[in-house]
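Enquirer: So that we are looking at the same thing, I have put the structure below in structure tokens.
Number of protein chains: 4
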Amino acid sequence: MKVVVIGAGRIGKLHAENLAYRIPGTSVIGIADVNQAAAQETATRLKIPRVATDYHDLIGLPEADAVVICSATDTHTDIITAAAQAGKHIFCEKPIDLNLGRIDRALEAVEKAGVKLQIGFNRRFDPNFRRVRDAVIRGEVGTPQRLHIISRDPAPPPISYVKVSGGIFVDMTIHDFDMARYLIGSEIEEVYASAAVMVDPAIGEAGDVDTALIVLRFANGVIGSIDNSRKAVYGYDQRVEVFGSEGSIQTENNYPNSAIISTAASVRRDLPLNFFLERYSESYVNEMKDFVTAVEEGGEVPVGGFDGKQAVVVGMAARKSFDEKRPVRLSEIS
Amino acid sequence: MKVVVIGAGRIGKLHAENLAYRIPGTSVIGIADVNQAAAQETATRLKIPRVATDYHDLIGLPEADAVVICSATDTHTDIITAAAQAGKHIFCEKPIDLNLGRIDRALEAVEKAGVKLQIGFNRRFDPNFRRVRDAVIRGEVGTPQRLHIISRDPAPPPISYVKVSGGIFVDMTIHDFDMARYLIGSEIEEVYASAAVMVDPAIGEAGDVDTALIVLRFANGVIGSIDNSRKAVYGYDQRVEVFGSEGSIQTENNYPNSAIISTAASVRRDLPLNFFLERYSESYVNEMKDFVTAVEEGGEVPVGGFDGKQAVVVGMAARKSFDEKRPVRLSEIS
Amino acid sequence: MKVVVIGAGRIGKLHAENLAYRIPGTSVIGIADVNQAAAQETATRLKIPRVATDYHDLIGLPEADAVVICSATDTHTDIITAAAQAGKHIFCEKPIDLNLGRIDRALEAVEKAGVKLQIGFNRRFDPNFRRVRDAVIRGEVGTPQRLHIISRDPAPPPISYVKVSGGIFVDMTIHDFDMARYLIGSEIEEVYASAAVMVDPAIGEAGDVDTALIVLRFANGVIGSIDNSRKAVYGYDQRVEVFGSEGSIQTENNYPNSAIISTAASVRRDLPLNFFLERYSESYVNEMKDFVTAVEEGGEVPVGGFDGKQAVVVGMAARKSFDEKRPVRLSEIS
Amino acid sequence: MKVVVIGAGRIGKLHAENLAYRIPGTSVIGIADVNQAAAQETATRLKIPRVATDYHDLIGLPEADAVVICSATDTHTDIITAAAQAGKHIFCEKPIDLNLGRIDRALEAVEKAGVKLQIGFNRRFDPNFRRVRDAVIRGEVGTPQRLHIISRDPAPPPISYVKVSGGIFVDMTIHDFDMARYLIGSEIEEVYASAAVMVDPAIGEAGDVDTALIVLRFANGVIGSIDNSRKAVYGYDQRVEVFGSEGSIQTENNYPNSAIISTAASVRRDLPLNFFLERYSESYVNEMKDFVTAVEEGGEVPVGGFDGKQAVVVGMAARKSFDEKRPVRLSEIS
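Residue numbers (numbering that gives the first Met the number 0), protein chains in the order written: chain A, 0 to 333; chain B, 0 to 333; chain C, 0 to 333; chain D, 0 to 333.
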């Protein structure tokens, strides 16, 4: 399977490297970035034969089977549409877009073209969360009643990014909204967001918040909660618990090693893996393997366009709830 | 110090036994219960010299220094008032009452008499939660930003009790509201309760809920959450986390032993201590020791009448929030 | 049941207090110590009516049912013999004595008198180790194959004590030898001790060692190991593992609380309970309750004279092994 | 860097795959195995251009930079010698050989040829053990006093393998002997082995044991212990502890996920990773990366020929100790 990668930033490089080295049978035949030097650097390192500044140059390649979109969010729907029209299968990073109309039109183009579209909710492919999902499906904890997600970043992004990110709910919590839908296997119907600026006043000045507790009501009755912070000084904090009629399953953070050091001062261990590239390195490979398999063997992608849209809708509802200080039903978002 | 105990139910027996055996220098000189046999049984076992069915008979004893009130909730304020008028120091189980007017009048009687009143929020005296409180005070986790309390009972009480308990928020969550105030050291200003009947439909028929997620806003800006269930099949689930600008502190459940058993099936341990008598046995002794010390040495009681009232007010706000499906400010409760 | 306590040192005070306050239905009617002030101080605090400097004064009391011996090791056998001849039941701290002939004569006096003798191997009554023993008995880990005991003190005793203690193997490891026999339920047949002075050269100058690894061979084929140190800077380290054909069971240290604190520096917890008085507070009560039950209800004591002797024999074999740098069979000790 | 792999068994395939996919800049240009089908299967899967049944055909290739030896133990020294004479750098699986004379002659050939030789003690490259080694080097636990290694396989190898393996001490414990030297950074001087047949009588009939406790004395005074079993039903058990004057560091097993499942039956987690291919997948990549780096950049290999020999010598001493039931000094082995 031959792939072109659009975007040579942090995630673009990661996907390109995974496709080049860790997924047998695939090759990256081109990489595009508006910053040519970035594209060239990655191409050289990974022996990718073609470099472009205009993604159309790569999407048009007849031998390309799929397009992996890792460019800026506001370019996603155009590239999806172009790729779909060119008959290429598509892997697109989250969020699809911040505008529901544009998302809908892109998804229509995908449907019309009959190509596959997978959205980059990589955390679904993490062994810990997958184990929780399996437990829910198998009924190991009975009927789910409560979901609690802790999702805290080690440090906030630059203020320049905060200003264009669409806000914490569609930039950061979007992963947790998808995780919530994935773990519980039911749609979110109502959202209540309690949030504040506690980490950095500049985030507030940019119109966003940095600390949030979001309450979810699912169609199947489950009550969910998501605990977000832009700054956990001890590192990336990514834990979940599903509590049900027959028990509870919860996961811990991932650590670089399991060593426990006991001294006269304390019994301690090293900090958890600091951020997503370390913590989710395996899940990035896994999601791409599943995408490759879906394309090559013709099955369903594990995370589709509707999943991508739905997470944005929940994010918008969360923002509306925060602004209006009341629970908001998803049906209010259009 | 000489004490009379009013109420010979489960908690009355516990306090009587702790006073008799585990707190040096105190003695129980009388126990009252409307059920004379219950009072007699405990009196015999613990060698308590006097038994009464009418609590006035014990409160009137000139040699009694203090009254420990463990009777039904609707008798609390009358007994507090009578004890205060008799000049006795008072330890009273939670909740003080379900009516704010009656609470206010009882607290006035206490203030007028100049006696001490301690409310039985025993969890404040648990070594785990005390450690969290100490960390917050010392700034070990910086400025607190988030509080999460998990508080799940192993099994719901009888429906007959549910009907008169005042509901989950003032019966069960009341401990967590007090814990929230204790750990954060700031007043709760707003409450949002999402709740449902998931454990037993009969609880819903009795007008109550059995599963709840409650969002708290504190005066100092902290966002709190409380996760309640009337039924955790694995036993009593009592954990907290305080997350702050410099880190996080979280506590685990208490177990009967630390043994880990690895077999071909799993790596497992025994279930946590099942319920409050086991889990909080030490905290019950500690709270009574502190009450005895406050009486004998003349200092402040660690949990006063205002604490007792405030937890009821938050409980009422939580119920109102659940009924009206919106966040409720405590100032709305009167 | 009426008890006299001989010895008002640390352990004597502990047992006296447990008997006075925490074991219903028993009373301490006298306490003796060659240091009268020590005996008097404890008597006053616990309201013990009689004080003596000569233990014969208490053993002779007709109303005394039992004698609890907590005096210096070299007085044990004389007191056991005197108490047995006076028809009193006996609880004696470890070790019985450092001379096997004296031990044998004392045990004969006990047998002749038909009184009960329990040796103070309190760790058998710790919930963690009891859980391991239960697992072995129930076959939860199949047929035991390996036993590993970690037993490290927080700090060495004074050199003056080291000189008269009989050495680490009969002073400190003796508890572990008894634990080994208790957990495996089989007799030790051979011992190999590898040991050194690593903590304090003064211990070596006193003719003892402070760090040891002892290999045990049991009659049922189990291979055991004991890891001893006189100084673990992080506190009292007391863990065991039994590995068998169907799995493994291991226990952790006991901590003052379960709080985990995550900061930018580490993920840490407070140190384990520092030493035996904290760690084994519950087991001291439990062993004495079982002694009282055995006396009052007429059953077997849980730790008898043979257990007391056997631990000394293994300790002697360990010393001989260390001196002769070879495995030593218990049959070589006489 | 161009590599040929000798041996297409389990480990040969693993190294070939790591070299082909996970180590940038290296390529496998040939693979040899006396079983041609095995070599061919791997060559096809990994697109290796050359296949041979006689390793000489590959060692003679002028473009080959290095030889990775994964064939049967009794072929190692011949291949090492041939590769050295051909001027190729060498990576050789453990043990080098079971005969010290042959080991010495092979090491001489390597030295004479001036090529690099790395022995496959992959566990040194595991993040857990590396963290322990770092702690020792940095003095995080002070001066090391005790080392304890737990090393248990999930199941014994086939009896046919047991018969030719050289016995548990040079086949299985050899990894632990190397780990002991690595962690403590000092040479082993004396060994005492207590061992038995507990897992399978057929292992005893083949002249070997399956359960062992080995005591080590290091030149720097540290006392070590190794706990081996051929069968831990719960999976691969690989843990270490180093205890020192300023504290202790210990590592846990590796698990497929961190999920804890609490039900009415127990609080449990999934079994640890079952065996070395899963547990040490990362360490196999790491060791080969270090070998490649040493060859390409000209530095020291991290595990040299002396390390390979020394582990065999300790294994022989352990066997002698077991046979003669006494501690054996390494100087007795020649």
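Backbone N, C-alpha and C define an ideal beta-carbon position, used for all residues, glycine too. Predicted model only: the values in this text are computed from it and were never measured.
1. Got a sec: which bits of the region 253-280 of chain C sit with their beta carbon under 8 Å from any beta carbon on chain B, in order along the chain?
2. Between residue 195/B and residue 172/B, how many whole angstroms is the CB-CB distance? I'm expecting something under 8 Å.
3. Count the CB pairs spanning the region 159-167 of chain B and the region 294-310 of chain B that are closer than 8 Å, and state whether there are at least three.
4. Could you tell me which residues DSSP pairs with residue 227/C in its beta bridges?
5. To which residues of the same chain is residue 233/D closer than 6 Å at the C-beta, ignoring the five residues directly before and after it?
6. Run the CB neighbour count on residue 304/B, radius 10 Å, all protein chains shown included, and call it buried at 16 or more, exposed below.
7. Output, in sequence order along the chain, the residues in the region 192-225 of chain C whose CB is closer than 7 Å to any CB in chain D.
8. Considering just the uninterrupted stretch of the beta strand (DSSP E) at residue 116/C, what are its terminal residues?
9. Answer yes or no: does any C-beta atom of chain A fall closer than 7 Å to that of residue 233/C?
10. Would you mind reading off the limits of the beta strand (DSSP E) that contains residue 159/A?
11. With DSSP as the reference, label residue 107/A as helix, strand or coil.
12. Would residue 247/C pass as an interface residue toward chain B - the criterion being a Cβ-Cβ separation below 7 Å?
13. Any beta carbon of chain D sitting closer than 7 Å to that of residue 144/C?
14. Give the DSSP bridge partners of residue 54/B, in chain order.
15. Starting from the beta carbon of residue 41/D, find every residue of chain A whose beta carbon is closer than 7 Å, and list them in chain order.
16. Hey, residue 224/D and residue 147/D are a contact pair by Cβ (cut 8 Å); roughly how many whole angstroms apart?
17. With the cut-off set at 7 Å, would you say residue 130/C and residue 37/B are in Cβ contact?
18. Counting Cβ pairs closer than 8 Å, one from the region 95-109 of chain A and one from the region 184-194 of chain A, do we hit at least three?
19. Thinking C-beta only, is residue 116/D closer than 7 Å to residue 78/D?
20. If I measure Cβ to Cβ from residue 272/A and keep anything under 8 Å in the same chain, skipping five residues before and after, which residues do I get?
21. Within 7 Å (strictly less), CB to CB, does residue 325/B reach chain A?
22. Sort out for me which residues DSSP pairs residue 88/B with in a bridge.
23. From which residue to which residue does the alpha helix (DSSP H) around residue 181/A run?
24. Is residue 25/C close to chain B, meaning its C-beta is less than 7 Å from at least one C-beta of that chain?
25. Can you tell me whether DSSP reads residue 46/C as helix, strand or coil?
26. Ordered along the chain, which non-local residues of its own chain (more than five positions away) have a Cβ less than 8 Å from that of residue 114/B?
27. In its own chain, which residues sit with a C-beta less than 8 Å from the C-beta of residue 246/B, not counting the 5 before and 5 after it?
28. In the structure shown, what three-state DSSP assignment does residue 257/A receive?
29. Would you tell me roughly how many angstroms separate the C-alpha atoms of residue 120/C and residue 132/C, rounded to the nearest one?
30. Along chain C, in chain order, which residues have C-beta atoms closer than 8 Å to that of residue 134/B?
31. Residue range of the alpha helix (DSSP H) that residue 320/C falls in?
32. Check whether the Cβ of residue 336/D lies closer than 7 Å to any Cβ atom in chain A.
33. Just mark residue 62/C as buried or exposed, buried being the case when its beta carbon has 16 or more other beta carbons within 10 Å.
34. Under a three-way DSSP split, which group does residue 335/C fall into?
35. Would you call the region 320-327 of chain C in contact with the region 25-32 of chain C, where contact means no fewer than 3 C-beta pairs closer than 8 Å?
36. How should residue 215/B be labelled, buried or exposed, when 16 other C-beta atoms within 10 angstroms of its C-beta is the threshold for buried?
Expert: Walking through what the data contain:
1. 253, 255, 256, 257, 258, 259, 260, 261, 262, 263, 269
2. With 8 Å as the limit, residue 195/B and residue 172/B do not qualify as a contact, their Cβ atoms being about 14 Å apart.
3. no
4. 150/C, 211/C
5. 270
6. buried
7. 193, 195, 197, 210, 212, 214, 216, 220, 222, 224
8. 116-118
9. yes
10. Here residue 159/A belongs to no beta strand (DSSP E); instead the alpha helix (DSSP H) covers 158-163.
11. helix
12. yes
13. yes
14. Partner(s): none; residue 54/B has no beta bridge.
15. Those within 7 Å of residue 41/D in chain A number zero; the least Cβ separation is about 13 Å.
16. 5 Å
17. no
18. no
19. no
20. 234, 235, 252, 253, 254, 255, 278
21. yes
22. 65/B
23. 172-183
24. no
25. coil
26. 82, 83, 86, 87, 88, 89
27. 139, 140, 141
28. coil
29. 14 Å
30. 258, 260
31. 304-323
32. Past the boundaries of the shown model lies residue 336/D; chain D is included only from 0 to 333, so the question cannot be answered.
33. exposed
34. An answer regarding residue 335/C cannot be provided, because it is not within the stretch 0 to 333 covered by chain C.
35. no
36. buried
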